[in-house]
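Chemist: Structure below; questions to follow.
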Ligand code: MLT
């Protein structure tokens with residue numbers, strides 16, 4: 002059986018496929034060529050760059066599975082795949098620690114002007130007096146979405162001395178020292194808000210939501226592009242209602258919103274929440290094992 006690895010896979014993941022006798026080919030095709038090539042494969046492993054819409058699924062006459070080496074399956078028409086009895090596999094928690102660490106990194110970048118000073122010093126400027134930051138110790142962090150990543154962020158924030166207030170659509174059961182509150186209470190009280198939800202049909206944080214927040218709030222999105230409305234974020238950064246934003250994920254990737262990226266009060270990264278050696282090894286191993294198990298059923 003032959004697998005197409007479309008966006009790369011760690012060496013240890015490849016070894017698991019090899020050892021189990023599965024043949025694989027590593028190549029990224031654009032949509033048109035993917036539709037042409039997919040009938041030659043029994044399975045496809047993607048990360049986030051490759052989209053797997055209905056047309057690819059229909060063309061994949063021999064497909065027995067679609068595997069997402071990562072958490073979010075929003076780049077795959079998973080509802081359609083499942084309706085055709087095609088399993089969609091992923092690695093829901095393999096990236097979580099790395100995504101949580103990046104969230105904390107963006108909080109520190111904003112608190113201590115790392116984003117700005119990295120740029121100004123490269124321009125030869127010594128703006129010591131412009132960078133009076135704040136300690137995160139004692140600050141109230143609002144976490145929207147209290148799944149695996151949200152919980153790891155909470156643990157780390159508590160260790161840093163932050164007060165944590167959380168909200169989720171699901172019932173929250175936790176031993177962590179967090180306050181569970183309505184979204185409106187979280188909006189009203191949190192000084193920094195980070196969101197850890199899957200992709201939604203429309204932004205959760207729009208103008209109306211931002212209006213309910215504290216003046217000078219900081220917003221972090223290391224989850225999915227579009228959970229925060231980019232236009233609303235820009236307008237509120239410009240007015241100062243939002244003091245700063247840490248953004249790893251974008252509505253359009255890789256053609257990201259350059260106006261937002263250039264705003265002086267944002268700390269930005271190109272969707273690298275999972276881009277660590279440890280996460281990609283975990284993802285590679287876990288997805289390869291799942292693929293082998295599914296195909297050897
Ligand atoms: C994921 O869903 O696994 C992460 O966002 C990482 C990625 O898509 O690259």
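In our numbering, the protein residues as written are 2 to 298.
Ideal Cβ placement from N, Cα and C applies to all residues, glycine included.
If you're wondering where the values come from, they're calculated on a predicted model, not measured in any experiment.
(1) Would you mind sorting residue 279 into buried or exposed? The rule is 16 or more other CB atoms within 10 Å of its CB.
(2) Should residue 272 be listed as close to the ligand MLT, given that the test is whether its C-beta is under 8 Å from any heavy atom?
(3) Return the bridge partner residues of residue 306 from the DSSP annotation.
(4) To the nearest whole angstrom, what separates the beta carbons of residue 150 and residue 197, a pair I think is in contact under 8 Å?
(5) What residues sit near the ligand MLT, counting only those whose C-beta is closer than 5 Å to one of its heavy atoms, in chain order?
(6) Kindly indicate which three-state DSSP category residue 53 falls into: helix, strand or coil?
(7) Using the C-alpha atoms, what's the distance from residue 17 back to residue 321?
(8) Just tell me which of 102, 187 and 127 has its CA closest to the CA of residue 161.
(9) So what does residue 284 bridge to, in DSSP terms?
(10) So residue 31 and residue 3 are in contact, right, with Cβ under 8 Å, and what is the actual spacing, rounded?
(11) What's the C-alpha gap between residue 181 and residue 127?
(12) What's the C-alpha gap between residue 170 and residue 184?
(13) With distance defined between alpha-carbon atoms, name the residue in 211, 6, 249 and 203 nearest to residue 192.
(14) Mind checking whether residue 1 and residue 73 have CB atoms under 9 Å apart?
(15) The beta strand (DSSP E) spanning residue 250 covers which residue range?
(16) Checking 9 Å against the spacing of the C-beta atoms, do residue 159 and residue 165 come in under that value?
Modeler: With the given structure in hand:
(1) On the chain shown, position 278 is the one that residue 279 refers to. Residue 279 should be labelled exposed.
(2) Taking the first residue of the chain shown as 1, we reach residue 272 at position 271. The answer is yes for residue 272.
(3) The first residue shown for the chain is 2 and the last is 298, placing residue 306 beyond what the model contains.
(4) As a position in the chain shown, residue 150 is number 149, starting the count at 1. As a position in the chain shown, residue 197 is number 196, starting the count at 1. With 8 Å as the limit, residue 150 and residue 197 qualify as a contact, their Cβ atoms being about 5 Å apart.
(5) 49, 71, 72, 73, 96 and 275
(6) Locating residue 53 in the chain shown gives position 52, counting from the first residue. It is a strand residue.
(7) Outside the modelled stretch of the chain, which goes from 2 to 298, sits residue 321, for which no answer is possible.
(8) Residue mapping note: residue 161 aligns to position 160 of the chain shown, counting from 1. Residue 102 is the option with its Cα nearest to residue 161.
(9) As a working note, residue 284 is residue 283 in the chain shown. DSSP output for residue 284 lists no bridge partner at all.
(10) Along the chain shown, one-based indexing puts residue 31 at 30. Along the chain shown, one-based indexing puts residue 3 at 2. Actually they are not in contact, since the Cβ atoms of residue 31 and residue 3 sit about 20 Å apart, beyond 8 Å.
(11) Mapped onto the chain shown, residue 181 falls at position 180. Mapped onto the chain shown, residue 127 falls at position 126. Computed Cα separation, rounded: 43 Å.
(12) In the chain shown, residue 170 corresponds to position 169, counting from 1. In the chain shown, residue 184 corresponds to position 183, counting from 1. Those two C-alpha atoms are separated by around 10 Å.
(13) In the chain shown, counting from the first residue as 1, residue 192 sits at position 191. Answer by Cα proximity: 211.
(14) Here the chain covers residues 2 to 298 and nothing more, so residue 1 does not appear.
(15) Along the chain shown, one-based indexing puts residue 250 at 249. First-last for residue 250: undefined, no H or E at that position.
(16) The residue given as residue 159 occupies position 158 in the chain shown. The residue given as residue 165 occupies position 164 in the chain shown. Contact flag set, yes.
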